[in-house]
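Residue numbers (the working numbering), protein chains in the order written: chain A, 1 to 246; chain B, 1 to 246.
Quick reminder that beta carbons are idealized off the backbone N, C-alpha and C, glycines included.
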C-alpha cells in the first residue's frame with residue numbers, strides 16, 4: 001500500500017472526507033468528480049489485483065490527480081485470490097458480444113471477465129481505510145444499466161454491503177454513519193458521460209478496455225469498449241479513445 | 001499470499017471444501033476442528049495485518065497443520081489500512097478489565113483493541129478465495145458471548161455479511177450456496193474449550209494473548225488472556241498456557 005498526496009491542501013480543512021474507488025475507467029472517474037462536487041475531500045483508492053490490463057493503473061493515478069484527489073492510496077492484493085477470470089488469468093476476453101442485451105441483469109449471464117468477489121473485497125478494504133482515516137463516506141462507480149452482468153454491481157449488493165459495513169464497524173455501531181454511495185447505479189453510459197462532461201472530466205486520460213495492446217490502445221471489441229463507445233455516441237460527445245479497431 | 005500444503009491427500013477427494021479463518025487463537029482452532037468434523041476438506045486462511053503479537057501467526061500455522069488443514073494460505077494485508085487499534089499501533093493494550101461484563105454487546109463498549117473492519121475484510125477475502133478454489137463454505141470463529149465487545153463478532157453482522165457475499169458472487173448468483181458458518185457464536189468460552197477438547201484440539205499450541213513478551217508468553221491480564229483463563233477454569237480443563245503472571 002502506497003499513498004501519494006498530489007493535491008493536498010496547504011492546511012487542514014473541515015470538509016467531510018470520502019474514500020472513492022478509482023479504477024482508471026470512465027465510471028469511477030465520473031464518480032470521483034461527483035464526490036468532489038458533493039463537497040468531499042477525496043482519497044482515491046486504487047487496487048492492483050493482478051489485472052492483465054495494467055495500463056488501467058496508470059490511468060487511475062492520472063484520473064485521481066487530475067480530479068483533485070487529496071490522496072491516492074494504491075493497494076496490492078494478491079492475484080492468487082482472484083482467479084478464474086479473463087481479467088486475471090490467460091482466458092480470452094470475449095469480443096463483439098451483443099452489448100444491447102446487457103442492459104439488465106439476468107441469472108446465468110455472468111461473463112468470464114467476472115473477478116471473484118472483487119467489489120466485496122474492494123468495498124471492505126475501503127471501509128477499513130475509511131475508519132482508519134476518519135472518512136464517513138465511500139463512493140463506488142458501479143452501474144446496473146449499461147454493464148456486463150456482474151452480480152457485484154447490483155443495487156441489492158450495494159445495499160446489503162452497506163448494512164454489513166454498518167454492523168461491522170465502530171463508526172456504524174456508535175451511531176455514526178458509514179455511507180456507501182453508488183451515484184451511477186441507475187444511469188445509462190450516455191448519462192454518465194454527460195454528467196462527467198459537465199463536471200469537467202477529461203475522458204481522454206481514462207481507460208476502459210479489458211484487452212489493450214502493448215501501447216495501451218483499446219481493442220474496440222470487448223464489452224467494456226463496446227459499452228464505452230456506444231455511450232459516447234448516444235451522449236453526442238466525441239469519443240477521445242484511441243482504438244486499435246482492426 | 002503464500003500457500004503451503006501440509007496435509008494434502010494423495011489423490012483428489014470429493015469432499016466438500018471450506019475456507020476456515022485461522023488466527024492461532026483457541027476459537028479459530030476449535031472452529032477448524034468443527035469444520036473438519038462436519039466433513040470438509042479445509043483450507044486455513046491466515047492474515048498478517050501487522051498485528052503486534054506476531055507469535056499469533058506462528059501459532060496459526062501450527063494449529064492448521066496439527067488439525068489437518070489441506071492447505072494454509074497466508075495473506076499479508078497492509079497495516080496502514082488497519083490503524084487506530086492497540087493491536088496494530090503503539091497504544092497500550094488494556095489490562096485487568098472486568099471480563100464478566102463483556103458477555104453481551106452494548107453500544108459504546110468497543111475497546112481500543114478493535115481493528116477497523118477486520119472481520120469484514122477477512123470474510124471478503126475468504127469469499128474471493130472460496131470462489132477461486134471452488135469452496136462452498138466459509139467458517140469463522142467469532143463469538144458473541146465471552147468476547148470483547150467487537151461489533152464484527154455479532155450474529156447480525158455475520159448474517160448481513162452472508163447476504164452481501166451471496167449477492168456479490170457468481171456462486172451465489174447462480175443458485176449455488178456460499179455459506180458462512182460461525183459455529184461458536186452462542187457458546188461460552190468454556191463450551192468452546194469443551195467441544196475442542198472432545199475433537200482433540202491441542203490448546204497448548206494456540207495463542208490468545210494480545211500483549212505477549214518476547215518469548216511469546218501470555219501476559220495473563222489482557223481481555224483475551226482473562227477470557228481464555230476463565231474459560232479453562234469453567235470448563236474444568238487444565239489451562240496449558242504459559243503466562244508471565246507478574
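Thinking C-alpha only, which one of the options is nearest residue i?
i: residue 170 of chain B; options: B/222, B/237, B/131; result: B/131
i: residue 287 of chain B; options: B/228, B/186, B/48; result: No information on residue 287 of chain B is available, as it lies outside the stretch 1 to 246 that chain B covers here.
i: residue 156 of chain B; options: A/157, A/156, A/152, A/166; result: A/166
i: residue 117 of chain B; options: A/111, A/114, A/127, A/119; result: A/127
i: residue 228 of chain A; options: A/200, A/161, A/122, A/243; result: A/243
i: residue 149 of chain B; options: B/168, B/69, B/115; result: B/115
i: residue 80 of chain B; options: A/129, A/36, A/219; result: A/129
i: residue 29 of chain A; options: A/239, A/225, A/197, A/220; result: A/197
i: residue 94 of chain B; options: B/112, B/217, B/120, B/164; result: B/112
i: residue 210 of chain A; options: A/8, A/23, A/18; result: A/23
i: residue 225 of chain B; options: B/25, B/9, B/124; result: B/25
i: residue 223 of chain A; options: A/110, A/57, A/78; result: A/110
i: residue 77 of chain A; options: B/36, B/61, B/122, B/60; result: B/122
i: residue 7 of chain B; options: B/58, B/41, B/53, B/68; result: B/68
i: residue 214 of chain B; options: B/199, B/41, B/56; result: B/56
Is residue i helix, strand or coil when you go by DSSP?
i: residue 57 of chain B; result: helix
i: residue 152 of chain A; result: helix
i: residue 225 of chain B; result: helix
i: residue 125 of chain A; result: helix
i: residue 117 of chain A; result: coil
i: residue 66 of chain A; result: helix
i: residue 111 of chain A; result: coil
i: residue 15 of chain A; result: coil
i: residue 196 of chain A; result: helix
i: residue 237 of chain A; result: coil
i: residue 79 of chain B; result: helix
i: residue 30 of chain B; result: helix
i: residue 210 of chain A; result: coil
i: residue 36 of chain B; result: helix
i: residue 172 of chain B; result: helix
i: residue 51 of chain B; result: coil
i: residue 104 of chain A; result: The pLDDT assigned to residue 104 of chain A is 44, lower than 50, so where the model puts this residue is not dependable, and the model offers no usable value.
i: residue 145 of chain A; result: coil
i: residue 134 of chain B; result: coil
i: residue 8 of chain A; result: coil
i: residue 25 of chain B; result: coil
i: residue 186 of chain B; result: coil
State the beta-bridge partners of residue i as determined by DSSP.
i: residue 205 of chain B; result: DSSP output for residue 205 of chain B lists no bridge partner at all.
i: residue 73 of chain B; result: B/3, B/45
i: residue 139 of chain A; result: A/20, A/181
i: residue 95 of chain B; result: B/222
i: residue 243 of chain A; result: A/218
For the ligand GDP, I want to know if residue i counts as a neighbour, meaning its beta carbon is within less than 8 Å of at least one of the ligand's heavy atoms.
i: residue 242 of chain A; result: In terms of ligand content, the structure shown is empty, and the ligand GDP therefore cannot be addressed.
Worksheet item: Which residues, in chain order, does the segment 123-141 of chain A contribute to contact with chain B at a C-beta distance below 7 Å?
Response: 124, 125, 127, 128, 129, 131, 132
Practice prompt. Below 7 Å between beta carbons is the criterion; list the residues of the segment 55-83 of chain B that meet it against any residue of chain A, in chain order.
Written response: 75, 78, 80, 81, 82, 83
Item to complete: Closer than 8 Å, Cβ to Cβ, to anything on chain B: give me those residues from the segment 171-205 of chain A, in chain order.
Response: 172, 173, 174, 175
Worksheet item: If you measure beta-carbon to beta-carbon, which residues of the segment 205-233 of chain A are closer than 8 Å to chain B?
Response: none
Practice prompt. Please list the residues of the segment 149-170 of chain B that have a C-beta atom closer than 7 Å to any C-beta atom in chain A, keeping them in chain order.
Written response: 151, 152, 154, 156, 157, 160, 161, 163, 164, 165, 167, 168, 169, 170
Item to complete: Mind checking the segment 8-28 of chain A against chain B and listing, in chain order, the residues whose C-beta falls within less than 8 Å of any C-beta there?
Response: none
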